[in-house]
Every structure is written in structure tokens, then in C-alpha cells.
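Novice: So the sequences go chain by chain: X and U.
Each position in the first sequence, counted from 1, maps to that position plus 199 in our numbering.
Each position in the second sequence, counted from 1, maps to that position plus 199 in our numbering.
Protein chains: 2
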Amino acid sequence: MGSIATRSPFVPETLVRLAPIDGVRFATAEAGIRYRGRTDLMVAVLADGTTVAGVLTQSKTASAPVLACRKHLKKGTARLLIVNSGNANAFTGKRGREAVDLTVEAGAKAADCTRHDVFVASTGVIGEPLEAEKFAHLIDGLVKSAQPDAFEAAARAIMTTDTYPKLATRKALIGDVEVTINGFCKGAGMIAPDMATMLCFIFTDAAIAAEPLQALLDEHVETTFNAMTVDGDTSTSDTCLVFATGAARARGQEPVTKVGSKKLRAFSAALHDLMQDLAIQVAKDGEGLSKFVTFVVEGAESAAAARRIALSCANSPILKTAIAGEDPNWGRVVMAVGKSGEAADRDALSIWFGDHCVARDGERAADYSEPAVAAYMKNREIVIRINVGVGEASGHVWTCDLTHDYVSINADYRS
Amino acid sequence: MGSIATRSPFVPETLVRLAPIDGVRFATAEAGIRYRGRTDLMVAVLADGTTVAGVLTQSKTASAPVLACRKHLKKGTARLLIVNSGNANAFTGKRGREAVDLTVEAGAKAADCTRHDVFVASTGVIGEPLEAEKFAHLIDGLVKSAQPDAFEAAARAIMTTDTYPKLATRKALIGDVEVTINGFCKGAGMIAPDMATMLCFIFTDAAIAAEPLQALLDEHVETTFNAMTVDGDTSTSDTCLVFATGAARARGQEPVTKVGSKKLRAFSAALHDLMQDLAIQVAKDGEGLSKFVTFVVEGAESAAAARRIALSCANSPILKTAIAGEDPNWGRVVMAVGKSGEAADRDALSIWFGDHCVARDGERAADYSEPAVAAYMKNREIVIRINVGVGEASGHVWTCDLTHDYVSINADYRS
Numbered sequence: 200m201g202s203i204a205t206r207s208p209f210v211p212e213t214l215v216r217l218a219p220i221d222g223v224r225f226a227t228a229e230a231g232i233r234y235r236g237r238t239d240l241m242v243a244v245l246a247d248g249t250t251v252a253g254v255l256t257q258s259k260t261a262s263a264p265v266l267a268c269r270k271h272l273k274k275g276t277a278r279l280l281i282v283n284s285g286n287a288n289a290f291t292g293k294r295g296r297e298a299v300d301l302t303v304e305a306g307a308k309a310a311d312c313t314r315h316d317v318f319v320a321s322t323g324v325i326g327e328p329l330e331a332e333k334f335a336h337l338i339d340g341l342v343k344s345a346q347p348d349a350f351e352a353a354a355r356a357i358m359t360t361d362t363y364p365k366l367a368t369r370k371a372l373i374g375d376v377e378v379t380i381n382g383f384c385k386g387a388g389m390i391a392p393d394m395a396t397m398l399c400f401i402f403t404d405a406a407i408a409a410e411p412l413q414a415l416l417d418e419h420v421e422t423t424f425n426a427m428t429v430d431g432d433t434s435t436s437d438t439c440l441v442f443a444t445g446a447a448r449a450r451g452q453e454p455v456t457k458v459g460s461k462k463l464r465a466f467s468a469a470l471h472d473l474m475q476d477l478a479i480q481v482a483k484d485g486e487g488l489s490k491f492v493t494f495v496v497e498g499a500e501s502a503a504a505a506r507r508i509a510l511s512c513a514n515s516p517i518l519k520t521a522i523a524g525e526d527p528n529w530g531r532v533v534m535a536v537g538k539s540g541e542a543a544d545r546d547a548l549s550i551w552f553g554d555h556c557v558a559r560d561g562e563r564a565a566d567y568s569e570p571a572v573a574a575y576m577k578n579r580e581i582v583i584r585i586n587v588g589v590g591e592a593s594g595h596v597w598t599c600d601l602t603h604d605y606v607s608i609n610a611d612y613r614s
Numbered sequence: 200m201g202s203i204a205t206r207s208p209f210v211p212e213t214l215v216r217l218a219p220i221d222g223v224r225f226a227t228a229e230a231g232i233r234y235r236g237r238t239d240l241m242v243a244v245l246a247d248g249t250t251v252a253g254v255l256t257q258s259k260t261a262s263a264p265v266l267a268c269r270k271h272l273k274k275g276t277a278r279l280l281i282v283n284s285g286n287a288n289a290f291t292g293k294r295g296r297e298a299v300d301l302t303v304e305a306g307a308k309a310a311d312c313t314r315h316d317v318f319v320a321s322t323g324v325i326g327e328p329l330e331a332e333k334f335a336h337l338i339d340g341l342v343k344s345a346q347p348d349a350f351e352a353a354a355r356a357i358m359t360t361d362t363y364p365k366l367a368t369r370k371a372l373i374g375d376v377e378v379t380i381n382g383f384c385k386g387a388g389m390i391a392p393d394m395a396t397m398l399c400f401i402f403t404d405a406a407i408a409a410e411p412l413q414a415l416l417d418e419h420v421e422t423t424f425n426a427m428t429v430d431g432d433t434s435t436s437d438t439c440l441v442f443a444t445g446a447a448r449a450r451g452q453e454p455v456t457k458v459g460s461k462k463l464r465a466f467s468a469a470l471h472d473l474m475q476d477l478a479i480q481v482a483k484d485g486e487g488l489s490k491f492v493t494f495v496v497e498g499a500e501s502a503a504a505a506r507r508i509a510l511s512c513a514n515s516p517i518l519k520t521a522i523a524g525e526d527p528n529w530g531r532v533v534m535a536v537g538k539s540g541e542a543a544d545r546d547a548l549s550i551w552f553g554d555h556c557v558a559r560d561g562e563r564a565a566d567y568s569e570p571a572v573a574a575y576m577k578n579r580e581i582v583i584r585i586n587v588g589v590g591e592a593s594g595h596v597w598t599c600d601l602t603h604d605y606v607s608i609n610a611d612y613r614s
């Protein structure tokens, strides 16, 4: 992997501190899978009774670890998560499955649990065999030495081309018991809906059964991780898992077992907020980006149509390069709306760059001022709002611009 | 429009010369629509009795000239084509329609024909009003002065960011009468299936009714212009028109009036060949390209599925930048196959870079040699072949790599 030339302009000055969550402990190691001088192996040890929900890549060439997670999710319980960076263990055939088997077996033994309670994820280069025998023997020691106060270290161990770890924390009441939700994720390129090479792990001490937890995750992923794209490329390894240890039971939280329970209203809002926070952090670390861009589409036939139009804009190389060049080229917005295939009324279309209306009712706004809009384009965060004039639904997508640095980073990733 | 920093490495040393075709005359002018010191207005005057077929952009925000062509194609006859470069007359609302009306009116008067026999196309910046009154008065003089031996001049007048004019010529027998097919096109960026900002005009002296001509065009566009992408961006202005003057009747060609007539077998093959030639020329002039890339997909469920998988590869920024970096990153090919959404058997997938098998049956080929494949990547023309292992169908897409120059060209197009 080449050295990364640039840091995102959105690198936070100070990282959010994530307080420990009862029932979760972490350990990391320098296993030397691909990188030198940094951690690349992480385990999260989960208390007995932990429930789990997950969303995985839709790729038709999903990696071996993704297939294992899909299988293990059916049982809905978890005791151990093992993640490595540097090698995605994707497109590695029979050897890939063997590497997963070896890892899961070592994990089940170390955590004294069934294989179904072990979850695995891998991120990094595709197509290179993952030599699990090089790190499987470390797992037992990691499980034994795991500590609760180590979210940041865990987040750092799973990074690849990220220029900063993405961390978020929220609190919510279930009944009158306060629970905590902590999450971290990695991802910077090959990021797109269906989550691309994004790994996201969320932990809570709430006591929630797997089924309602899955329902919440499915609901919120649409407007958070699936509303974010860097380059339109979907990876073979996308994994988002939520673990609920249930430790809040000890403080009197009554376990929630029903989908749609009103008791989860505040928790659901907090989870959505945390997932949105993490999704925006990923877009703000898009490879080589100079600007963070939000496309808001209004007046669409449906929320799904609005998001597809926003995605068509957010994945258009010619529009993303114009934004990199601080060029208020709204003609390319028109193009991207048109190519989405979704209903739009050309003669009712209106477009805003920030507060500047550049087009109204299908033509250039009468009061359009190119200097004013060009000045707006110098901002680091750009909001482009589009009303397509056919309905009432709206949607948004977060993305970044397409710069010379994106080309540099991706032209020499393996060399 | 900024100056274009680079010329395609595929600029031909000598341009193909297109011989005159009976019944077609051209004239060009420097109308000063946007550019200075170059032609930007072209008319093609067509003999009485000329038939026409066309394929137009599927964009939901199609330009005013595209809407006019769609309407005029219903009649199937043509006497005049008027094309301007520098301004696409797209997203210009009521004024856009008025500019088309003014142009068509001036053309009909100059060529002494009905408005339905006048075809128009515009290419260039979107969203700026096209001031047709600045050039409409030139049309009469152009029609009068038009000359048959001027294909190259016509092709040059319609260029925008092209670094060379794209010209092709073929001959074919209909019965025992030889007919000629000449074509030229423009396009370099915002190029994608459904043809993007591509304008293509094809002329023949064959006598073929509009209906069979349309059937041939529809058939061949799928495997030529719709199998070519530069950046996945579809324009508001794509227009491909074929004009048949029927002048070969004078040499004894019996007019062909039926769809599917066997008499058109050789003509159909020649037309396909010419369209393929032009499509490849467009891909070889992709903005900022350093390499011409062909993705061939085999073993797919259907030809359409094969092309969609090939397109998923050809439109992947992360794969195109790897190719620019001469990096044989076949893991990104796996990713792009996976994200296409089409059926693929991960464990039967095989990939070749040129003649080098890099992956076989779902994992890295046993005899894979990175130095050999890295050496292959230094070629200017790259062929990546993928067998997805689920069926018998195949398809291909032509594209180019994604380079620093692409970003440079598109970041300052308007400034």
C-alpha cells in the first residue's frame, strides 16, 4: 500500500472519547498481516447474552467473512468479534473459507462459545490469500487481556486508507434507565450505498432482542450509510453489526423483545443520530477529498426516487470534478438529474447552491449571480438542493468531490 | 472553456478521407457562439427524398433540440441538418424552444422545405441561453454555398473537447449496386450509454425507407455507441442520425422498403462496422485518457447482463484509476463484477488481463505472475476479459482510464 499523500481537511482536532460499555472489552495486536508498525488485528469480547443485528454487502462477490456473518446472524447472539485490516479475504476461494474457519475456531475456543457466536470481518486488499495461521494463535491472548476502555484503539486497528478513526457516542432512555450506544467505523474509498468497504461496529448496554435490534438497523441504514457515497464503488466486504450486551438489565432496564415497541423510541432516535454521525464522518474522509458535499433532492415521486437522483449527482465524475474546481457548474446537475432515470419535470426544475438559487422553473434564475455562487463554491462544505417538481418526497446523499489526490491514492494503492 | 492541456495519445497520424456522397452538401461558419477563431456552425443540405432514422438521449432533462428531433423523426424525411457547438441549448426553458423554432424556421426557408424536414443539434455548455438570432441569418448563405467534398470541415465544426475529428467510411453492395456510408461524430466527456454528449451523423447514398433504416440503427447502437463509456455520465443532448439520400437509385439500386430485408445484409454489416469504428474513436478520445480499455464479459446469463457487468467495470472510478496507474489490481475487477447486481458465480469467476490469466475459479491463478501482468499494464491498449461462470452470453464495453488530466479538464471547463 502506497503512502497516503494527504489528510482529509475534516480531520477532527480532538477525537470523541467513548466511555466503556458494560459487557464489552477490546484488545488489539500488531499481527503484521500487511502493515508494519501499526495494529491490524482487533477483538471485541462480548458478555454472555449479547444479541446482534447486522447489515451486509449486497455484492455478488461477497467475501468469505461476510458469508460467515450472514450465517451466524441467524442465531442472533454474539460473544466475540474478530477483525483484521490489511487483507479483505475476498475472492480467495476455498482458502478464504479455510481462513475464516480457522479464525472462528480459534475465537470459539478462546471465548469458550459456539462458532455461531463468533463474528469476523476483514478489510484491505482483495484477492490475496489471508494467512490466518499467522494470527489465529494470538486470539486467545487477546481475549484474555481485553480491556473495556479501548474504543479508540479498536477503531484504529481496523483502519485502511482512513486518515482518522471515526467514533461516535450517544445516550438514550429505555423506560427510565439510561443506556449508552458507542460506535466506530472505517472507510474512505470504495464507498457507496450497500456500504462499500465500510466496516461499522456499534455496541450498547441496552437489553434488546435480536429481532427488534435488526428492525431498527434496517430502518436507519437507508438514510445513513446507504445515503453516503465516495466513488460509487461497492465493496465485497461491507459489514455493519450492532451488539447489545444487555448489561443495563442490572440497572433495571426491562428487556425489549418486540419489534416496533414504543419503549425504543428514544433509543431508535439516538441510534439513527449515531449512524448519521458516523456516515458523515466517512464521507468527510473520502479519499483525496477537498470538500464535503450534500445533495438534497425535493419534489420527487418517492423517497427512494429522491435518493436515487441524489446518488446520480453524487456519483457523477464530471460533476464531482467541477465541485473540486470550485466551478458552480449547475448544468452538470441538470445532466445528473436527467440520467438518474427517475421522474423529473425539466421545466419545473429548480436548483440551489447553498442559499443561491441558480435555476428556477427549468432555466437559469433571473437573479443568478455567477460571482456570488463562485464565492460560495470556495466553502469547504457545499449543499446542493434540487427540486425536481413532480411530487412531495425528499431525500439526501452525502459525498465528497473528486480530486487529483483521489487519482493519486488509487493509482498506486498496491504498488 | 479552458484550454485543453492534453491531446489523446490516439490522435490519428492522418485522418481518413471521406469521399463525397451524392445528395449531401456541407457548409460551416464561424458564428462566434462561444468559441473564437474556429467554426461552430454546420449545415448539411440533403437531396429531396432523403430518409432519416435516429436515436436520441434517454435523459429526463433532454435538450430542446433533442425534443425537436424526436418530433421530426416521426415523418422520416429530411432536407437539412443544422448543428452548432459551444452551447447545448439544454435546460434553457422557453427560450430554448424559441431558439430551436427560430433555427428551424430559418432552415426551412433556406432549404425550401417543411419544418419537419429540418433537424437540429447543439452541443456545449448546458443552461446558458442559446442566442439563435446571432446565427440564424447565416443559414441561408450556408445552404446556398454548401459543397459535397467537406466531411472533415463539417466534423471539425461540431467538436467541443474532442482532440481530433472522428471520421469513418464504408462501402457495401445492395443488390449489385455499390453504396457508400460516411459518418462522423463528436464526444469526449460526459460519454456513456444512451450516448451522452455524443453527436453522430451518418450519410449514405443508399435508397432505404425510414423504417428499415431505423431498425438497423436500433439494432447496431446497442453493441456500438451503447457499449462505450468515458465517465458514466449521460448528456442531455445525445443525438445519432442516419440520412439516406437515395441517390443510388440513379445507378440502379432498387429502394429497400421492408424491415428485415435480406437485401440489406451487407449494408447492415457495413453500418455496424462504421458505427463500431466511430464508437471506438470516441472512447479513444476520452477526456484526459492515457489508455484505451476493452472489458469483455463472458459466461453471463444474457448479452444485456454481460454488458451491464462490463459497464460496471468500465464506470468504476477506483478500477479506472488503478489502470491509469498501470496497476494490475484485479481485486477491483472482482468488486466491480460484484456490484453490478448481475448473476455471477464467485467461485467460478476467471479474469484475464490480455493473455495473462490472473484469477481462475474464484481465486488467484496458480501461475499468476505479477511482474508479467504489470508489464502488460504498460501497454496503451488494455483488454480485460472476465468469465462470470453462470451462462453462455457475452458482451463488451469500450472505455478509457481515469487520469489526473480528466480531473484537470473537468475542474475548469467553464472558468
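Glycine residues also receive a C-beta, built at the ideal position from the N, C-alpha and C atoms.
Everything numeric in this text was worked out from a predicted model, so none of it was measured.
From the beta carbon of ASP554 of chain U, is the nearest beta carbon of chain X less than 8 Å away?
Specialist: The residue labelled residue 554 of chain U in the question sits at position 355 within the second sequence. No - not a single Cβ of chain X is within 8 Å of the one on ASP554 of chain U.
Novice: DSSP has SER346 of chain U in a bridge; who is on the other side?
Specialist: For the purposes of this step, residue 346 of chain U is identified with residue 147 of the second sequence, where counting begins at 1. The sequence shown places Gln at residue 346 of chain U, rather than the Ser named in the question. Beta-bridge pairing links GLN346 of chain U to U:PHE225.
Novice: DSSP beta-bridge partners for SER549 of chain U?
Specialist: The residue given as residue 549 of chain U occupies position 350 in the second sequence. Partner(s): U:ASN586.
Novice: DSSP puts CYS384 of chain X in a beta bridge; with which residues?
Specialist: Counting from 1 along the first sequence, the entry for residue 384 of chain X is found at position 185. Answer by DSSP bridge pairing, in chain order: X:LYS365, X:CYS399.
Novice: Using a Cβ cut-off of 8 Å, pull out every chain X residue sitting near LEU601 of chain U, in sequence order please.
Specialist: As a first step, residue 601 of chain U must be located in the second sequence, where it is residue number 402. The contacting residues are PRO516, VAL606.
Novice: Is the segment 369–376 of chain X close to the segment 443–458 of chain X, with three or more CB pairs under 8 Å?
Specialist: In short, these stretches touch, since the Cβ pair count reaches three.
Novice: Give the DSSP-derived three-state secondary structure of LEU280 of chain U in the structure shown.
Specialist: As a position in the second sequence, residue 280 of chain U is number 81, starting the count at 1. Of the three classes helix, strand and coil, the one that applies to LEU280 of chain U here is strand, per DSSP.
Novice: Between the alpha carbons of ASP604 of chain X and THR602 of chain U, how many angstroms are there, rounded?
Specialist: Walking along the first sequence from the start, residue 604 of chain X turns up at place 405. Walking along the second sequence from the start, residue 602 of chain U turns up at place 403. Spanning the two alpha carbons is a distance of roughly 11 Å.
Novice: Does any residue of chain X bring its CB to less than 8 Å from the CB of GLY588 of chain U?
Specialist: Residue numbering aside, residue 588 of chain U sits at position 389 when the second sequence is read from its first letter. With 8 Å as the cut-off, GLY588 of chain U does not count as an interface residue toward chain X.
Novice: Establish whether the CB of CYS268 of chain X and some CB of chain U are separated by less than 8 Å.
Specialist: For this step, residue 268 of chain X is matched to residue 69 along the first sequence. No, its Cβ sits nowhere closer than 8 Å to a Cβ of chain U.
Novice: Within the same chain, show all residues whose beta-carbon is closer than 6 Å to that of HIS471 of chain X, passing over the 5 residues directly before and after it, in chain order.
Specialist: One-based indexing of the first sequence puts residue 471 of chain X at position 272. Result list for HIS471 of chain X: HIS419, in chain order.
Novice: For the segment 521–528 of chain U against the segment 540–550 of chain U, do three or more pairs of beta-carbon atoms, one drawn from each stretch, fall closer than 8 Å, so that the two count as touching?
Specialist: Counting Cβ pairs under 8 Å, fewer than three are found: no touch.
Novice: Please determine if the segment 340–349 of chain X and the segment 210–228 of chain X are in contact, where contact requires at least 3 C-beta pairs separated by less than 8 Å.
Specialist: Yes: the two stretches touch, three or more of their Cβ pairs being nearer than 8 Å.
Novice: List the residues of chain X whose Cβ lies closer than 9 Å to the Cβ of GLY530 of chain U, in chain order.
Specialist: Counting from 1 along the second sequence, the entry for residue 530 of chain U is found at position 331. Per Cβ cutoff of 9 Å: ALA287, ALA289, PHE290, VAL324, ILE325, GLY326, GLU327, THR435, ARG613.
Novice: What residues in the segment 466–494 of chain U have a beta carbon less than 7 Å from any beta carbon of chain X?
Specialist: From the segment 466–494 of chain U, no residue has a Cβ closer than 7 Å to chain X.
Novice: Where in the segment 470–505 of chain U do unbroken runs of the beta strand (DSSP E), each at least 3 residues long, occur, reported from the N-terminal end onward?
Specialist: Segments of the beta strand (DSSP E) lying fully in the segment 470–505 of chain U: 491–499.
Novice: Going by the CB atoms, is the gap between ALA414 of chain U and ALA478 of chain U shorter than 8 Å?
Specialist: Working through the second sequence from its first residue, we reach residue 478 of chain U at position 279. Working through the second sequence from its first residue, we reach residue 414 of chain U at position 215. Not closer than 8 Å, so no.
Novice: Can you confirm whether ARG506 of chain X, when its beta carbon is compared against all beta carbons of chain U, has any partner nearer than 8 Å?
Specialist: Taking the first residue of the first sequence as position 1, residue 506 of chain X is located at position 307. Chain U, which has no Cβ nearer than 8 Å to the Cβ of ARG506 of chain X, makes this no.
Novice: Taking a Cβ distance cut-off of 8 Å, strictly less, list which residues of the segment 291–306 of chain X are near chain U, in chain order.
Specialist: Per Cβ criterion, the list reads THR291, GLY292, LYS293, ARG294, GLY295.
Novice: Helix, strand or coil for GLU421 of chain U per DSSP?
Specialist: Here residue 421 of chain U is taken as the residue at index 222 of the second sequence, counted from 1. The answer is helix: DSSP assigns GLU421 of chain U an H, G or I state.
Novice: Could you have a look at ILE325 of chain U and say whether DSSP puts it in helix, strand or coil?
Specialist: Within the second sequence, the letter at position 126 stands for residue 325 of chain U. The answer is coil: DSSP assigns ILE325 of chain U none of H, G, I, E or B.
Novice: Look up GLY217 of chain U in the DSSP assignment and say whether it is helix, strand or coil.
Specialist: Taking the second sequence and counting its residues from 1, the one referred to as residue 217 of chain U is at position 18. It is Leu, not Gly, that sits at residue 217 of chain U in the sequence shown. In the structure shown, LEU217 of chain U sits in coil (DSSP, three-state: anything other than H, G, I, E or B).
Novice: Using alpha carbons as the reference points, say which of U:THR379, U:SER515, U:LYS457 lies closest to VAL441 of chain U.
Specialist: Along the second sequence, one-based indexing puts residue 441 of chain U at 242. Answer by Cα proximity: U:THR379.
Novice: Opposite MET241 of chain X in the DSSP bridges: which residues?
Specialist: What you label residue 241 of chain X is simply residue 42 of the first sequence in a count that begins at 1. Note: MET241 of chain X sits in a beta bridge opposite X:THR227, X:VAL282.
Novice: Quick one: which chain X residues come within Cβ less than 9 Å of GLU562 of chain U?
Specialist: The residue labelled residue 562 of chain U in the question sits at position 363 within the second sequence. Simply PHE290, THR291, GLY292, LYS293, ARG294, GLY295, GLY326, PRO328.
Novice: At which residues does the alpha helix (DSSP H) containing SER155 of chain U begin and terminate?
Specialist: Past the edges of chain U, shown from 200 to 614, lies residue 155 of chain U, and the structure says nothing about it.
Novice: If you follow the alpha helix (DSSP H) that GLY295 of chain U is part of, which residue opens it and which one closes it?
Specialist: As a first step, residue 295 of chain U is located in the second sequence; it is residue number 96 there, counting from the start. Here the alpha helix (DSSP H) through GLY295 of chain U covers 292–310.
Novice: With a Cβ-Cβ cutoff of 8 Å, do THR520 of chain X and ALA610 of chain U count as a contact?
Specialist: The residue you call residue 520 of chain X lines up with position 321 of the first sequence. The residue you call residue 610 of chain U lines up with position 411 of the second sequence. Yes, these two residues count as a Cβ contact at 8 Å.
Novice: Is any beta-carbon of chain U found at less than 8 Å from that of ASN609 of chain X?
Specialist: Numbered from its first residue, the first sequence carries residue 609 of chain X at position 410. Cβ-Cβ to chain U under 8 Å: yes for ASN609 of chain X.
Novice: Measuring CB to CB, does SER565 of chain U end up less than 8 Å from ALA558 of chain U?
Specialist: Counting from one through the second sequence, the residue named residue 565 of chain U turns up at place 366. Counting from one through the second sequence, the residue named residue 558 of chain U turns up at place 359. Contrary to the premise, residue 565 of chain U reads as Ala rather than Ser in this sequence. No.
Novice: Determine whether the Cβ of MET534 of chain X lies closer than 8 Å to any Cβ atom of chain U.
Specialist: For this step, residue 534 of chain X is matched to residue 335 along the first sequence. Interface residue, yes.
Novice: Which one of U:THR238, U:ALA574, U:ASP560, U:LEU341 has the shortest CA to CA distance from GLY285 of chain U?
Specialist: In the second sequence, the residue the question calls residue 285 of chain U occupies position 86. Ranking the options by Cα distance to GLY285 of chain U, first place goes to U:THR238.
Novice: Return no unless some Cβ of chain X is closer than 8 Å to the Cβ of ARG355 of chain U.
Specialist: Here residue 355 of chain U refers to the residue found at position 156 when the second sequence is read from its first residue. For ARG355 of chain U, the answer is no, since every Cβ of chain X falls outside 8 Å of its Cβ.
Novice: ARG506 of chain U and GLY386 of chain U - do their beta-carbons sit closer together than 8 Å?
Specialist: The count along the second sequence starts at 1 and reaches residue 386 of chain U at position 187. The count along the second sequence starts at 1 and reaches residue 506 of chain U at position 307. No.
Novice: Please state the DSSP three-state secondary structure of VAL533 of chain X.
Specialist: Position 334 of the first sequence, counted from the start, is the residue given in the question as residue 533 of chain X. Three-state DSSP puts VAL533 of chain X in a helix.
Novice: Mind checking which residues open and close the beta strand (DSSP E) that includes LEU255 of chain X?
Specialist: Taking the first residue of the first sequence as position 1, residue 255 of chain X is located at position 56. From DSSP, the beta strand (DSSP E) with LEU255 of chain X extends over 250–255.
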